[in-house]
Amino acid sequence: MKSLLSGSVFIIFSFNGLSQTKFPVQWRAELVRKDSNTVVFTLKSAMELGKNVFYILNAGEKIKVNSVQRIQDSVFFTMPVFESSFKSKINSDGSLQGVWKKGTSGETQAWPFFAFPNQPYRFKLSAGNAKNNISGRWDVTITRANGTLRKAVAEFLQKGNYLTGTFLTPSGDYRYLDGIVTGDSLKLSTFDGAHAYTFYAKIENAKNISSGVFYSGINGKETWTARKDPFVKTPEQDEATQLQEGESKLNFTFNDLEDRPVSINDERYKNKVVIIQIMGSWCPNCLDETKFLSEYYNKNKSRGVEVIALAYEYSTDKERSKKSLKKFQQLFNVQYPMLLTGATSSDDLKTEKTLPQLTPIRSFPTTIILDKKGNVKDISGTFYGPGTGKYFDDYKKEFNATIDRLLNEK
Numbered sequence: 001m002k003s004l005l006s007g008s009v010f011i012i013f014s015f016n017g018l019s020q021t022k023f024p025v026q027w028r029a030e031l032v033r034k035d036s037n038t039v040v041f042t043l044k045s046a047m048e049l050g051k052n053v054f055y056i057l058n059a060g061e062k063i064k065v066n067s068v069q070r071i072q073d074s075v076f077f078t079m080p081v082f083e084s085s086f087k088s089k090i091n092s093d094g095s096l097q098g099v100w101k102k103g104t105s106g107e108t109q110a111w112p113f114f115a116f117p118n119q120p121y122r123f124k125l126s127a128g129n130a131k132n133n134i135s136g137r138w139d140v141t142i143t144r145a146n147g148t149l150r151k152a153v154a155e156f157l158q159k160g161n162y163l164t165g166t167f168l169t170p171s172g173d174y175r176y177l178d179g180i181v182t183g184d185s186l187k188l189s190t191f192d193g194a195h196a197y198t199f200y201a202k203i204e205n206a207k208n209i210s211s212g213v214f215y216s217g218i219n220g221k222e223t224w225t226a227r228k229d230p231f232v233k234t235p236e237q238d239e240a241t242q243l244q245e246g247e248s249k250l251n252f253t254f255n256d257l258e259d260r261p262v263s264i265n266d267e268r269y270k271n272k273v274v275i276i277q278i279m280g281s282w283c284p285n286c287l288d289e290t291k292f293l294s295e296y297y298n299k300n301k302s303r304g305v306e307v308i309a310l311a312y313e314y315s316t317d318k319e320r321s322k323k324s325l326k327k328f329q330q331l332f333n334v335q336y337p338m339l340l341t342g343a344t345s346s347d348d349l350k351t352e353k354t355l356p357q358l359t360p361i362r363s364f365p366t367t368i369i370l371d372k373k374g375n376v377k378d379i380s381g382t383f384y385g386p387g388t389g390k391y392f393d394d395y396k397k398e399f400n401a402t403i404d405r406l407l408n409e410k
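All residue numbers for the sequence shown refer to our numbering, where the first residue is 1 and numbers rise by one.
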């Protein structure tokens, strides 16, 4: 899947003659898809250390945006992670209009962008107050565009009309969703610089949701239904990544971001428990995992733990990939090596080209844990991040227990 940043996305405003005190406190922002449906999110401004800063708000997430440039009536801001940037015009009423550009494995996407000042709501209560409270765990069935089904679990928390939550899939989560229940309708959205998602549905009653639509990215569309089930388990991956028959160890050498070769066979990794992070700088769930692993590594490296990130980027353009990965590295002060595999995330042969000891890599991130003898002891293609609450706590407990057990082995 593919899972910000409880931590950060940076934008700075340089106002060139426009009084900072007149800058709107909050905007209701919209990104317009190819089918004219929108993804809405909240932009908020603040004054910190004499400078205007922005925050992108998604439920419990505050993404700090701390470097933006204004030239005459144009405003430019670039997310510090992902290939994601805005170019807009500021109007006399304080509104913004322009374009959001997003890098992909193909052509760069260009989405129309609007931001309307002093609109404190994300969605209007167009049908009045909520008729039902849908807090709890839901068994979700999503129908792809081709008619096939995929399973997920939704966790919702409703307080009055305000609704937050997330969806958990076999590979990861949809991070922080923010919205409302109005009448018998559910409305949720999120934007983090990469994810741009909107969910709509009809709430039949407190136990059934129907007529759901999931708008994903610039033109993705799926339908969904849900049934409340407090005991439903998160769905498992089909054909999860594992070792090839007869294999027990990995064997690789790739260059880091300074073009220095790093091998799993280097002295640094001998008699250490090693965590291999299969990731990409385009992946929000990888961002959440990088934040977690960076903090974990800094606290535990003295115990004999090492981490190596293996990056599968949008293209084979080395400089483009380095630039994107260095944003991750700097944002979370990553002290472990981040290596360029040279294979793209969309390459069907990426596993054979880079880690032939494994069956195909199915999801990003995928985490591989090696014992002190270099043997692969655990492979997980599922990561549930901080937007999932209890699921993230459970993930950390299991991860810590696995590492502690391997560290205690002779």
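Ideal Cβ positions, reconstructed from N, Cα and C, are used throughout, including at glycine.
Query raised in the report: Can you give the Cα-Cα distance for T241 and R362, rounded to whole angstroms?
Result: Note on geometry: alpha-carbon atoms of T241 and R362 lie some 6 Å from one another.
Query raised in the report: Taking the C-alpha atoms as reference points, what is the distance between Q69 and S88?
Result: 11 Å
Query - Cross-strand partners of Q26 (DSSP beta bridge) - result: K44
Report task. Report the rounded CA-to-CA distance for A115 versus G94, giving the unit in angstroms. Result -> 9 Å
Query raised in the report: Which partner residues of V53 appear in the DSSP bridge assignment?
Result: A46
**Report entry** Beta-carbon contacts of T309 that lie in its chain and below 6 Å, excluding the five residues immediately before and after
**Finding:** The question names Thr, but residue 309 in the sequence shown is Ala. Closer than 6 Å at Cβ, skipping near neighbours: Q277, M279 and M338.
Query raised in the report: Does the beta carbon of F123 come closer than 8 Å to any beta carbon on chain D?
Result: Looking at the structure shown, chain D is missing, and only one protein chain is on hand.
Query raised in the report: Grouping DSSP H, G and I as helix and E and B as strand, with all else coil, what is T290?
Result: helix
**Report entry** CA-to-CA distance, F392 to D173, given in whole angstroms
**Finding:** 10 Å
Report task. Could you check what DSSP says for Q72 in three-state terms: helix, strand or coil? Result -> coil
Query raised in the report: Would you say T388 touches the ligand MG, meaning its beta carbon is less than 7 Å from a heavy atom?
Result: In terms of ligand content, the structure shown is empty, and the ligand MG therefore cannot be addressed.
**Report entry** Close beta carbons around D73, own chain, < 7 Å, minus the five adjacent residues each side
**Finding:** Only residues of its own chain outside the window of five on either side were considered, and among them K89 and I90 have a CB closer than 7 Å to the CB of D73, listed in chain order.
Report task. Starting from Q277, follow its DSSP beta bridges and name the residues at the other end. Result -> A309 and T367
Query raised in the report: What do you get for V305, buried or exposed, if any count of 16 or more other CB atoms within 10 angstroms of its CB means buried?
Result: buried
Requested in this report: Assuming V307 contacts L406 (C-beta within less than 8 Å), just tell me the rounded distance between them.
Outcome: Wrong, their Cβ atoms sit about 14 Å apart, outside the cutoff.
Requested in this report: Please say whether L96 and V65 have beta carbons closer to each other than 8 Å?
Outcome: no
Query raised in the report: In this structure, does DSSP put P112 in helix, strand or coil?
Result: strand
Report task. Give the DSSP-derived three-state secondary structure of R320 in the structure shown. Result -> helix
Query raised in the report: Residues in its own chain within less than 8 Å of K202 by CB, not counting five upstream and five downstream?
Result: Around K202: D184, S185, L186, I209, S210, S211 and G212.
Query raised in the report: Quick one: what's N255 bridged to in DSSP?
Result: P261 and L340
Requested in this report: Please state whether DSSP places T21 in a helix, a strand or coil.
Outcome: Here the model assigns T21 a pLDDT of 37, short of 50, so the residue's position is not dependable and the matter cannot be decided.
Report task. Taking P230 and G136 to be in contact with their CB atoms under 8 Å, please state how far apart those CB atoms are, rounded to whole angstroms. Result -> 6 Å
Report task. Count the other CB atoms, across all protein chains shown, that sit within 10 Å of the CB of G193; report buried if there are 16 or more and exposed otherwise. Result -> buried
**Report entry** Beta-carbon proximity check, L289 vs G385, cutoff 8 Å
**Finding:** Checking the displayed sequence, the identity of residue 289 turns out to be Glu instead of Leu. Taking 8 Å as the Cβ cut-off, E289 and G385 qualify as a contacting pair.
Query raised in the report: Using the C-alpha atoms, what's the distance from T108 back to T38?
Result: When only Cα atoms are considered, T38 and T108 end up about 19 Å apart.
Query - Extent of the continuous alpha helix (DSSP H) run through K390 - result: K390 to L407
Query raised in the report: Using the C-alpha atoms, what's the distance from T104 back to P120?
Result: 32 Å
Query raised in the report: Short check: CB of I142 to CB of E222, under 8 Å?
Result: Yes.
Requested in this report: Could you check which residue in V334, K207, S189 and F399 has the C-alpha nearest to that of A59?
Outcome: S189
Query raised in the report: Under a three-way DSSP split, which group does S210 fall into?
Result: strand
Report task. Please report how far the alpha carbon of K249 lies from the alpha carbon of P24, in whole angstroms. Result -> 56 Å
Requested in this report: Below 6 Å CB to CB, which residues in the same chain sit around K102 once its five sequence neighbours on both sides are set aside?
Outcome: Hits under 6 Å: S84 and Q109.
Query raised in the report: Leaving out the 5 sequence neighbours to the left and right, which residues in its chain are closer than 6 Å to I264 when beta-carbon positions are compared?
Result: Cβ neighbours of I264 beyond the five flanking positions: L250 and F252.
Query raised in the report: Under 8 Å, do N132 and A206 count as touching if we go by C-beta distance?
Result: yes
Query raised in the report: Below 8 Å between beta carbons: does that hold for Q237 and G381?
Result: yes
Query raised in the report: Which two residues bound the contiguous alpha helix (DSSP H) that contains K34?
Result: From DSSP, K34 is part of no alpha helix (DSSP H); its letter is neither H nor E.
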